[in-house]
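**Student:**
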Amino acid sequence: MLLSTDAKRLIGRKYSDPVIENDLKLWPFKVVADAEDKPKIVVNYKGQEKELTPEEISSMILTKMKDIAVAFLESPVTDAVVTVPAYFSHSQRKATKDAGTIAGLNVMRIINEPTAAALAYGLQKKPNCVEKRNVFVFDLGGGTLEATIDIDALFQGIDFHSTMTRARFEKLNDDLFEKCMDTVKRCFDDARVDKNHVHDIVLVGGSSRIPKVQKLLQSFFPGKELCKSINPDEAVAYGAAVQAYMINNGQGGNDSKTLKNLVLMDVTPLSLGTSIKGDLMSVLIPRNTPIPAKKKGTYFTDSDDQPTVCVDVYEGERLRASENNMLGLFSFDVPPAPRGFPIYICFDVNEDGILSVSAEEKLTGKKQEITINNGTGRFSAKEVAKMIEEAEMLKDEDEKYKERVKAKNALDECVYKVKKAIKDGNFFSKVSAMDKQRIMAAIREAREMVNNDGVEQGETYQYKKCLMELQSVTNEIMGKINSDYEEGDNED
């Protein structure tokens, strides 16, 4: 039976995912799509072709690992801690957990690979450390660090040989090395930590052995030694084993004193939020928030007697919600109420990085909840980095859009309040025909501008100008009514 070694890149993704479309050109095995656009790997089993999901492939690998552990320990193995790349989305984490279940394992926790490596380093190298230390973990994956040195008799018995010097290798990969360092710099910017405050630099992953990579890191951290004593290929698995031990309350060992002060916290790779009026992204859980994390927000209906509220869940860094990645959505029924009825939305990310979203209204106590299991959030490390980079590059444009939306919403809110105020049956009897015509014309002009398709139809200054004109007319007419009312009181 031929098993794919790249099931990890397929798990939790759709067949139509651009990442898969690109990888298909490089893989030596066949991948097909099922009726739901999920990828399936075509394998040969006893001379027959079979189609297996990435979860099934991964479960076979986990089953084999389980068998090895049982043979070594000479006792049953039922629980496991599984590591995943830090950029894995919610759907990829859930799919990984499903693979563990298929393998007959109780996946106690899913943790990020760099976090597991940091945990291993903390236990192996600094078990008795009492002061606070900042450890930088550089994880350059070893999964694809493979090279064919010699190809024997590729064509008609003729051997092909090629010499790859270190200088040529470094030149060919120069752009990739620079991207590595750009990621390192961005990491410090996001964490708001000065690189001079880093005490230890830990190298993880087979590619971290590349001399050029180590040289660049040494230049970035002048005067500091890179930690090479920890095995970069085993550090992640070691850290996962330590985490399993901690979850199990240190049973079955005598290192509880060493582990009792260890606290493990992963973070969210991208911001999580929902869209609000004007297609704005309202972030509830910002990027790099330690998990588990739970955050509530209060949102309001846009119109009177609004029957339902659509709660959509996004992941990304853009201010415009539709330019982020939608993870899921659901409709929530609300009772008849005036505009501005409050809805309470809660985002809850558990220890495995899996997101649950709930909506609740207090009047009837109704609550609805979804768990993001297999949504469309499926990002590679390159995609995450690209999203963050694009968000930074387009920050000014996004801010302008945000100001435009705020100006439009302010105009819409003013129109609503003015229309509500003049619903009073006696209002028009208190104003002249000319004033009535003026205020209705101002409302009509503002309404037309608000109802334009797309915020881009009106620039920010146009919305603000229209708002000022509507407020001016309204304040003037209301002032006349109040003045007449006060004069009437004085005559009495």
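Under the working numbering, the first residue of the sequence shown carries the number 23, and numbering increases by one thereafter. For each residue, glycine too, the CB sits at the ideal point set by N, CA and C.
Counting only C-beta atoms, is P254 closer than 8 Å to chain B at any point?
**Tutor:** In the structure shown, chain B does not exist; there is a single protein chain.
**Student:** So, at 7 Å on beta carbons, what are the nonlocal neighbours of V258 in its own chain, with the 5 sequence-adjacent residues on each side left out?
**Tutor:** Along the sequence shown, read from residue 1 onward, the residue named residue 258 stands at position 236. Once the five neighbours on either side are set aside, the close Cβ partners of V258 are T105, E135, A138, A139 and V226.
**Student:** Using the three-state DSSP reduction, which class does I348 fall into: helix, strand or coil?
**Tutor:** As a first step, residue 348 is located in the sequence shown; it is residue number 326 there, counting from the start. The residue asked about is misnamed: residue 348 is Met in this sequence, not Ile. Strand at M348.
**Student:** What is the DSSP secondary structure of G399, counted as helix, strand or coil?
**Tutor:** As a first step, residue 399 must be located in the sequence shown, where it is residue number 377. Because G399 carries a pLDDT of 42, less than 50, the predicted location of this residue cannot be relied on, and the following value inherits that uncertainty. In this structure, G399 counts as coil in the three-state DSSP scheme.
**Student:** Quick check: the Cα distance between M268 and K193, rounded to an integer number of angstroms?
**Tutor:** On the sequence shown, position 246 is the one that residue 268 refers to. On the sequence shown, position 171 is the one that residue 193 refers to. Their backbone Cα atoms lie some 45 Å apart in a straight line.
**Student:** Does DSSP put M303 in a helix, a strand or coil?
**Tutor:** Locating residue 303 in the sequence shown gives position 281, counting from the first residue. Three-state DSSP puts M303 in a strand.
**Student:** Which ranges would you report for the beta strand (DSSP E) in the stretch 39-116 if only whole runs of at least 3 residues count?
**Tutor:** 52-55, 61-67, 70-74 and 101-106
**Student:** Can you look up N474 in the DSSP assignment and give me helix, strand or coil?
**Tutor:** For the purposes of this step, residue 474 is identified with residue 452 of the sequence shown, where counting begins at 1. Residue state, collapsed to three classes: coil.
**Student:** Are the CB atoms of Y485 and K430 nearer to each other than 8 Å?
**Tutor:** In the sequence shown, counting from the first residue as 1, residue 485 sits at position 463. In the sequence shown, counting from the first residue as 1, residue 430 sits at position 408. Yes, the pair counts as a contact, with Cβ atoms nearer than the cut-off.
**Student:** Is the distance from the Cβ of N156 to the Cβ of V215 below 8 Å?
**Tutor:** Here residue 156 corresponds to residue number 134 of the sequence shown, with the count starting at 1. Here residue 215 corresponds to residue number 193 of the sequence shown, with the count starting at 1. Contact flag set, yes.
**Student:** Work out the CA separation of L84 and D255 for me, nearest whole Å.
**Tutor:** What you label residue 255 is simply residue 233 of the sequence shown in a count that begins at 1. What you label residue 84 is simply residue 62 of the sequence shown in a count that begins at 1. Rounded to whole angstroms, the separation of the alpha carbons of L84 and D255 is 17 Å.
**Student:** For G261, which residues in the same chain have their Cβ closer than 6 Å to its Cβ, ignoring the five residues on either side in sequence?
**Tutor:** Counting from one through the sequence shown, the residue named residue 261 turns up at place 239. Cβ neighbours of G261 beyond the five flanking positions: A138, A139, L141 and A142.
**Student:** So, helix, strand or coil for F191, using DSSP?
**Tutor:** As a position in the sequence shown, residue 191 is number 169, starting the count at 1. DSSP places F191 in helix when its eight states are reduced to three.
**Student:** Work out the CA separation of D301 and K30 for me, nearest whole Å.
**Tutor:** Along the sequence shown, one-based indexing puts residue 30 at 8. Along the sequence shown, one-based indexing puts residue 301 at 279. Approximately 34 Å, taken between the alpha carbons.
**Student:** What would DSSP say about N253, mapped onto helix, strand or coil?
**Tutor:** Counting from 1 along the sequence shown, the entry for residue 253 is found at position 231. The answer is coil: DSSP assigns N253 none of H, G, I, E or B.
**Student:** On the criterion of 16 or more Cβ atoms from any shown chain inside 10 Å, does P291 qualify as buried, or is it exposed?
**Tutor:** Here residue 291 corresponds to residue number 269 of the sequence shown, with the count starting at 1. Burial state of P291 is buried, judged by a 10 Å Cβ sphere holding 16 or more other Cβ atoms.
**Student:** Among the candidates L162, T118 and E498, whose CA atom is the shortest distance from the CA of T75?
**Tutor:** Residue mapping note: residue 75 aligns to position 53 of the sequence shown, counting from 1. Checked all of L162, T118 and E498; the closest Cα to T75 is T118.
**Student:** I33: which of G387, G122 and R190 sits nearest, CA to CA?
**Tutor:** If you number the sequence shown from 1, residue 33 lands on position 11. Nearest of G387, G122 and R190 to I33, Cα basis: G122.
**Student:** Helix, strand or coil for V235 per DSSP?
**Tutor:** Position 213 of the sequence shown, counted from the start, is the residue given in the question as residue 235. DSSP places V235 in helix when its eight states are reduced to three.
**Student:** Using CA coordinates, which residue listed in T386, C332, D374 and P244 is at the minimum distance from P547?
**Tutor:** Outside the modelled stretch of the chain, which goes from 23 to 514, sits residue 547, for which no answer is possible.
**Student:** Taking the beta strand (DSSP E) that T515 falls in, what are its first and last residues?
**Tutor:** The shown model of the chain, from 23 to 514, leaves out residue 515, and the question about it has no answer.
**Student:** List the whole-angstrom C-beta distance separating N347 from E339, where the pair is believed to meet the contact cut-off of C-beta under 8 Å.
**Tutor:** Counting from 1 along the sequence shown, the entry for residue 347 is found at position 325. Counting from 1 along the sequence shown, the entry for residue 339 is found at position 317. Going by Cβ atoms, the distance from N347 to E339 rounds to 10 Å, so no, they are not a contact pair.
**Student:** Please determine, among T100, L239 and P61, the residue with the shortest C-alpha to C-alpha distance to N218.
**Tutor:** The sequence position of residue 218 within the sequence shown is 196, counting from 1. For the options T100, L239 and P61, the alpha carbon positioned closest to that of N218 is the one of L239.
**Student:** Please report the distance separating the alpha-carbon of L349 from that of G69.
**Tutor:** For this step, residue 349 is matched to residue 327 along the sequence shown. For this step, residue 69 is matched to residue 47 along the sequence shown. Going from the Cα of L349 to the Cα of G69 covers about 40 Å.
**Student:** Report the three-state DSSP secondary structure of T166 (helix, strand or coil).
**Tutor:** Here residue 166 refers to the residue found at position 144 when the sequence shown is read from its first residue. Legend: pLDDT at T166 = 42, less than 50; position of this residue unreliable, value from coordinates given subsequently. The answer is coil: DSSP assigns T166 none of H, G, I, E or B.
**Student:** Using 8 Å as the Cβ pair cut-off and three pairs as the minimum, do the stretch 56-67 and the stretch 92-108 touch?
**Tutor:** no
**Student:** When we look at the beta-carbon of A455 and count the other beta-carbons within 10 Å, is it buried (16 or more) or exposed?
**Tutor:** Taking the first residue of the sequence shown as 1, we reach residue 455 at position 433. Exposed, because fewer than 16 other Cβ atoms sit within 10 Å of the Cβ of A455.
**Student:** Please report the straight-line C-alpha distance between D197 and F191, rounded to a whole angstrom.
**Tutor:** Taking the first residue of the sequence shown as position 1, residue 197 is located at position 175. Taking the first residue of the sequence shown as position 1, residue 191 is located at position 169. Each residue's alpha carbon lies about 12 Å from the other.
**Student:** Take the Cβ of D434 as the centre, count every other Cβ of all protein chains shown within 10 Å, and call the residue buried at 16 or more, exposed below.
**Tutor:** The residue you call residue 434 lines up with position 412 of the sequence shown. Looking at its Cβ environment, which holds 16 or more other Cβ atoms inside 10 Å, D434 is buried.
**Student:** When we look at the beta-carbon of G501 and count the other beta-carbons within 10 Å, is it buried (16 or more) or exposed?
**Tutor:** In the sequence shown, residue 501 corresponds to position 479, counting from 1. By the 10 Å Cβ count, G501 comes out exposed.
**Student:** My parser needs the beta strand (DSSP E) runs of 3 or more residues fully inside the stretch 329-374; what are they?
**Tutor:** 330-337, 347-355 and 364-371
**Student:** Compute the Euclidean distance between the alpha carbons of K458 and F369, then round it to the nearest angstrom.
**Tutor:** Here residue 458 refers to the residue found at position 436 when the sequence shown is read from its first residue. Here residue 369 refers to the residue found at position 347 when the sequence shown is read from its first residue. Computed Cα separation, rounded: 47 Å.
**Student:** If we count the other Cβ atoms within 10 Å of its Cβ and call it buried at 16 or more, is A443 buried or exposed?
**Tutor:** As a working mapping, residue 443 is identified with position 421 in the sequence shown. The residue is exposed, with fewer than 16 neighbouring Cβ atoms inside 10 Å.
**Student:** Am I right that V356 and I365 are in contact with their C-beta atoms under 8 Å? What's the rounded C-beta distance?
**Tutor:** As a first step, residue 356 must be located in the sequence shown, where it is residue number 334. As a first step, residue 365 must be located in the sequence shown, where it is residue number 343. That pair is a contact at about 7 Å.
**Student:** Starting from the C-beta of E78, find all residues in its chain whose C-beta is less than 7 Å away, skip the five residues before and the five after it, and write them out in chain order.
**Tutor:** Indexing the sequence shown from 1 puts residue 78 at position 56. Answer for E78: I124, listed in chain order.
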